[in-house]
Amino acid sequence: MSKADTTVVVLGAGPAGLTVANLLHARGVDTVVLDRCTREQLVGRSRAGLLEHRTVELLDRNGLASRLHAEGTVHRGCEFRSAGTSFFTDYSAHYGGTPHWVYPQQEIVTDLLDAYEAAGGTVHYATAVESVRAESGQVVVECADGAVWRADYAAGADGQHGASKHGVPVEAVTEYTMQHEFRWLTLLAHAAPSAEHTVYAQHENGFAGHLLRSDTVTRFHLQIPFGDTIEDWPDERIWTELRTRLAKPGWTLNEGEIFSKNVLEMESRVTEPMRHGRLFLLGDAAHVITPSGGKGMNLAIADAAEFAETVVRHLRSGSEADLDRYSQLRVPDVWKAQEFSHALLHMMHTYYPSDSPDAAFRQKLQQSRLWQLRNSPAYARNFAENYIGPPLDGLPGAEAQL
Ligand SMILES: Cc1cc2nc3c(=O)[nH]c(=O)nc-3n(C[C@H](O)[C@H](O)[C@H](O)COP(=O)(O)OP(=O)(O)OC[C@H]3O[C@@H](n4cnc5c(N)ncnc54)[C@H](O)[C@@H]3O)c2cc1C
């Protein structure tokens, strides 16, 4: 059994873990990254694509965004379609001209891995963490290959199903969870985008989403009933349903080979506080959010920035208050994103079965939300702030508690 010491052991080489590793390494803090996947697996996993402005600004400030600027695209608005009508929300205009970005998650992971390794950082690939525990003011991490890492701090950034959250005793935290009443079939197709922006469609058959990934790849989401499996959705049925739900006079859907197809259960979870002793939870390890609104990776990177700042402050001060600060600052931001994601989900989805007593009432509430988004500048500005995300340095007064 080998034994090694480092200041910060980072569990997971996803967006959260790799951002932490880069920021701390650049500030001279000793780090080591462990991930159960190979490098090829890490850079091949397609998930998110929508980047908040603060995410790009953070990567920019740390010299990590040059390829993103060259290959990513700026987005300033999105389109809503419902019951034969459509409107475009110029959310950037509602938020002082601040834009959004589209750049696939696997490209961010590639850039962060390249930067960290080029700077001399170490990633242990194909190294699964089995357990994490607090011991004498340190964190001890045991891996499946027998390696044991002792560190002054651990960044538990190993995602929704990782080991780090099991290192926190259940009585030390409160877990808030929600199973949503909606389900998606989420797809990637070799198809050129059919619009220059994201399209959200509300239809009696269910929600449909068109999201850009690149000039040749488009992501689509289709709301499907509970009980449906991938086998119920052959490609011809998918394209028919996308054409129906996204229909707009004079508009054509670009089709192509579907190369990724998954059923997504909608689950949300928040763990409070996001720290136990020197073990900190980051990203999906701390909170799970529905993909509606594109918030998960952005929250993961915001957690990483705050954690890096916390470590640097604590190394200087040794003050427990500096450790508390991490969760105190991150939790309100996480709930703000949860609230937005939930509201967007309920604004665009169909309540199956449509003959339930309150389905018609809830559908009318949805239409009112869309009507307000189209006609009320105050409503649209709030949407814009949530969609684009808060400023990198936080909303004014963000440190104040309720
Ligand atoms: C279809 C879809 C679309 C999405 N779209 C968006 C979007 O547009 N915008 C957005 O912001 N978010 C989006 N998300 C969410 C986003 O992908 C996640 O929130 C994000 O990946 C979280 O990053 P993370 O670093 O916390 O965790 P992860 O990306 O899950 O990384 C965790 C890492 O830990 C490793 N790991 C796990 N267990 C262990 C272990 N035991 N030992 C060692 N390593 C381990 C994993 O291999 C992985 O590399 C989307 C998600 C989905 C599914």
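Sequential numbering of the sequence shown, starting at 1, is according to full-length UniProt numbering. Beta carbons: idealized from backbone N, C-alpha and C, even for Gly. Predicted model only: the values in this text are computed from it and were never measured.
Distances between the C-beta of E130 and the heavy atoms of ligand 1 include at least one below 8 angstroms. Contact between G389 and S341 does not hold, since the beta-carbon distance rounds to 12 angstroms and is not under 8 angstroms.
Here the distance from the Cβ of C78 to the nearest heavy atom of ligand 1 is not below 8 angstroms. In this chain, A155 is not harboured by any alpha helix (DSSP H); it is covered by the beta strand (DSSP E) spanning V148 to G156. When the five nearest sequence neighbours on each side are left out, the beta carbons in the same chain lying within less than 8 angstroms of the beta carbon of D333 are those of L299, A302, P390, G394 and A398, in order along the chain. Under the DSSP assignment, G209 falls in the beta strand (DSSP E) whose first and last residues are A208 to L212. Sequence-distant Cβ neighbours of D145 in its own chain, meaning closer than 7 angstroms and more than five residues away, are T127. For I289, the shortest separation between its Cβ and any heavy atom of ligand 1 lies below 8 angstroms. Judged by pairs of C-beta atoms under 8 angstroms, the segment 101-112 touches the segment 13-21, as three or more such pairs exist. Boundaries of the beta strand (DSSP E) around N262: E257 to E272. Distances from the CA of P234 to each of M347, D5, L187 and R316 were compared; the closest alpha carbon is that of L187.
Its chain contains A189, H190 and A191 as the residues whose beta carbon lies nearer than 7 angstroms to that of G256, once the 5 sequence neighbours on both sides are disregarded; these appear in chain order. For L64, same chain residues with a beta-carbon under 7 angstroms away, outside a window of 5 residues either side, are N22, D111, L112 and A115 in chain order.
Selection V263, R150, T218 and Q138 evaluated against L185 yields V263 as nearest (Cα-Cα). Judged by DSSP secondary structure, W233 falls outside any alpha helix (DSSP H); it is assigned neither H nor E.
Taking a C-beta distance under 9 angstroms as the contact criterion, R369 and A343 qualify as a contact pair.
Under the Cβ criterion (8 angstroms, minimum of three pairs), the segment 201-210 counts as touching the segment 74-89.
For the pair T271 and Q179, the Cα-to-Cα distance works out to about 15 angstroms. The alpha-carbon of S131 is positioned some 12 angstroms away from that of A154.
At a Cβ-Cβ threshold of 9 angstroms, V139 and V9 count as neighbours.
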